[in-house]
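S.K.: Numbering (numbering that gives the first Met the number 0), first residue to last: 0 to 249.
Where a beta carbon is used, it is the ideal one built from N, C-alpha and C, also for glycine.
Only a predicted model underlies this, so the values are computations on that prediction, with no experimental measurement involved.
Input: one structure, supplied below.
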Amino acid sequence: MNIQIFKGFGHVLLEVTFALLPLVIFFLIFQFFFLKLEKKKLINIGKGLMLSFLGLAFFLQGVHVGFFPVGEMIGEKLGSLSYNWVLIPIGFLLGFVATFAEPAVRILNHEVEKVSGGSISQNVMLYTLSIGVAFSIAISMLRILVGIPLWYFIIPGYLIALVLMYFSSKRFTAIAFDSGGVATGPMTVTFILAIAVGVASAIEGRDPLLDGFGMIALVALSPIISVLILGLLFEGKGRERSNEHRKQGA
Numbered sequence: 000m001n002i003q004i005f006k007g008f009g010h011v012l013l014e015v016t017f018a019l020l021p022l023v024i025f026f027l028i029f030q031f032f033f034l035k036l037e038k039k040k041l042i043n044i045g046k047g048l049m050l051s052f053l054g055l056a057f058f059l060q061g062v063h064v065g066f067f068p069v070g071e072m073i074g075e076k077l078g079s080l081s082y083n084w085v086l087i088p089i090g091f092l093l094g095f096v097a098t099f100a101e102p103a104v105r106i107l108n109h110e111v112e113k114v115s116g117g118s119i120s121q122n123v124m125l126y127t128l129s130i131g132v133a134f135s136i137a138i139s140m141l142r143i144l145v146g147i148p149l150w151y152f153i154i155p156g157y158l159i160a161l162v163l164m165y166f167s168s169k170r171f172t173a174i175a176f177d178s179g180g181v182a183t184g185p186m187t188v189t190f191i192l193a194i195a196v197g198v199a200s201a202i203e204g205r206d207p208l209l210d211g212f213g214m215i216a217l218v219a220l221s222p223i224i225s226v227l228i229l230g231l232l233f234e235g236k237g238r239e240r241s242n243e244h245r246k247q248g249a
């Protein structure tokens, strides 16, 4: 085994420990004063916490050793191509696949389906978020290639979201804004952001700090718009069904 893979792993373990320790202390306080769970349940929770600790530690180490270097190398290679317009469809594909594999997105979709009683299915939410993020990554690649300032997209995007909020229902508005945060998970941030920085560093006249970053802001915005549009479609179908029932009743 290559020892270099675990270089700096001790520091990662320390970071994860400090990240999880407040949650563990908070749980223990509730356990002592309020929950008073039985021993078997506590053992299972302890095992789950240990698995979470190890999973976070190994994932963060893998990000430093694998995702970041590979993402930057891929971005630099794509950015140096003479036909670098291909970054736009590649960005769309990467955004779709990364969101499809995002664990937090799966959890959100499961909760939405459960709370909505199955009226909003996991698959519909998954494809809606994946397509929304895919468009945002494609637009981010276009922004890097052309050199368009970020606020040209952010300000109109949030204005569109505010207008859609006015016509959308409260439940879809709440789901939409949670979706924006969930979509910016570890898969998107670690891999695709590294590609964007690599692309910006390879294209002449682009600054990785100015052009490589800002992509996550678009990723957070696009699911809000896509879910709000989904809400309008759902409400439109609901009105059509109610009108049909009224006609049949008459």
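(1) In whole angstroms, what is the alpha-carbon distance linking residue 230 and residue 111?
(2) Please report the distance separating the alpha-carbon of residue 233 from that of residue 158.
(3) Whose CA, out of 69, 184, 59 and 89, lies closest to the CA of residue 138?
(4) According to DSSP, is residue 206 helix, strand or coil?
(5) Can you check which of these residues, 9, 141, 181 and 210, is closest to residue 83 by C-alpha distance?
(6) Give the list of continuous beta strand (DSSP E) stretches no shorter than 3 residues that lie fully inside the region 8-83.
(7) Count the other CB atoms within 10 Å of the CB of residue 189; is the residue buried (16 or more) or exposed (fewer)?
(8) For residue 61, tell me which candidate among 4, 109, 104 and 96 has the shortest Cα-Cα distance.
(9) I believe residue 187 touches residue 132 by the beta-carbon criterion, under 8 Å. Please report the beta-carbon distance rounded to the nearest angstrom.
(10) Cutting at 6 Å between CB atoms, please list the residues of its own chain near residue 0, excluding the five before and the five after it.
(11) Indicate whether residue 223 and residue 168 have their beta-carbon atoms separated by less than 8 Å.
(12) Starting from residue 148, trace the alpha helix (DSSP H) both ways and give me its first and last residue.
(13) In or out: residue 124 buried (at least 16 other Cβ within 10 Å) or exposed?
(14) Given this structure, state the Cα-to-Cα distance separating residue 55 from residue 104, to the nearest angstrom.
(15) My guess is that residue 216 and residue 153 are in contact by the Cβ rule of under 8 Å, so how many angstroms apart are they, rounded?
(16) Does residue 95 pass the burial test, meaning 16 or more other C-beta atoms within 10 Å, or should it be called exposed?
(17) Using only the alpha-carbon positions, how far apart do residue 150 and residue 219 sit?
(18) Could you name the residues of the same chain whose beta carbon sits closer than 6 Å to that of residue 202, not counting the 5 residues immediately before and after it, in chain order?
(19) Select from 9, 119, 108 and 31 the residue whose C-alpha is nearest the C-alpha of residue 182.
(20) Run through DSSP, which three-state label would residue 0 get?
(21) Can you tell me whether residue 145 is buried or exposed, with buried defined as 16 or more other CB within 10 angstroms of its CB?
M.R.: Short version:
(1) Taking the straight line joining both Cα atoms gives about 13 Å.
(2) Roughly 22 Å between the two C-alpha positions.
(3) Out of 69, 184, 59 and 89, 89 has the C-alpha closest to the C-alpha of residue 138.
(4) Residue 206 falls in the coil class under three-state DSSP.
(5) The residue with the shortest Cα to Cα distance from residue 83 is 141.
(6) Along the length of the region 8-83, whole beta strand (DSSP E) runs at least 3 residues long do not occur.
(7) Per the 10 Å Cβ criterion, buried.
(8) Residue 4 is the option with its Cα nearest to residue 61.
(9) The C-beta separation of residue 187 from residue 132 comes to about 7 Å, placing the pair in contact by the 8 Å criterion.
(10) Since pLDDT at residue 0 reaches only 47, below the 50 mark, its modelled position is unreliable, and no value is offered.
(11) Contact: no.
(12) Per DSSP, residue 148 lies in no alpha helix (DSSP H) segment and is marked neither H nor E.
(13) Taking all protein chains shown into account, residue 124 has 16 or more neighbouring C-beta atoms within 10 Å of its C-beta and is therefore buried.
(14) Cα to Cα, residue 55 sits roughly 17 Å from residue 104.
(15) About 6 Å separates the Cβ atoms of residue 216 and residue 153, confirming a contact at the 8 Å cut-off.
(16) Buried, since its Cβ has 16 or more Cβ neighbours within 10 Å.
(17) Straight-line Cα distance between these residues: approximately 14 Å.
(18) Around residue 202: 78.
(19) Restricting attention to 9, 119, 108 and 31, the CA atom closest to the CA of residue 182 is found in 108.
(20) Low local confidence applies: a pLDDT of 47 at residue 0 is under 50, so the model's placement there is unreliable, with the coordinate-based value given in what follows. It is coil, neither helix nor strand.
(21) Under this definition residue 145 is an exposed residue.
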